[in-house]
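Peer 1:
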Amino acid sequence: MKQQQYNTALYMRLSRDDELEGESASISTQKQILRDYANEQGFLVVDEYVEM
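For the sequence shown, this note's numbering begins at 3 and goes up steadily by one.
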């Protein structure tokens, strides 16, 4: 049986505590965690959004 693949987008948000530092380790960490999760679940990441 063929497994269905889902398209998804990643959303990362910079906390107020980190906003003075630009794209902080927080965003990088979130991005890596989300990419790993999407990969484990078989999701195809089609876009990424970052709110700063």
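Backbone N, C-alpha and C fix where the C-beta goes; we use that ideal spot for every residue, glycine too.
This one's a predicted model, so the numbers in the text were calculated from it and none came from an experiment.
Within 10 Å of its beta-carbon, does I35 have 16 or more other beta-carbons around it, so buried, or fewer, so exposed?
Peer 2: Flag for I35 reads exposed.
Peer 1: Kindly indicate which residue of M3, K33, Q5, N9 has the alpha-carbon position closest to the one of L16.
Peer 2: K33
Peer 1: Out of curiosity, what's the CA-to-CA distance linking Y13 and E42?
Peer 2: 17 angstroms
Peer 1: Leaving aside the five residues before and after T10 along the sequence, list all residues of the same chain whose C-beta is less than 8 angstroms from its C-beta, in chain order.
Peer 2: A40, F45, L46, V47, V48
Peer 1: By the DSSP assignment, the beta strand (DSSP E) with L12 in it spans what residues?
Peer 2: Per DSSP, L12 belongs to the beta strand (DSSP E) from 9-15.
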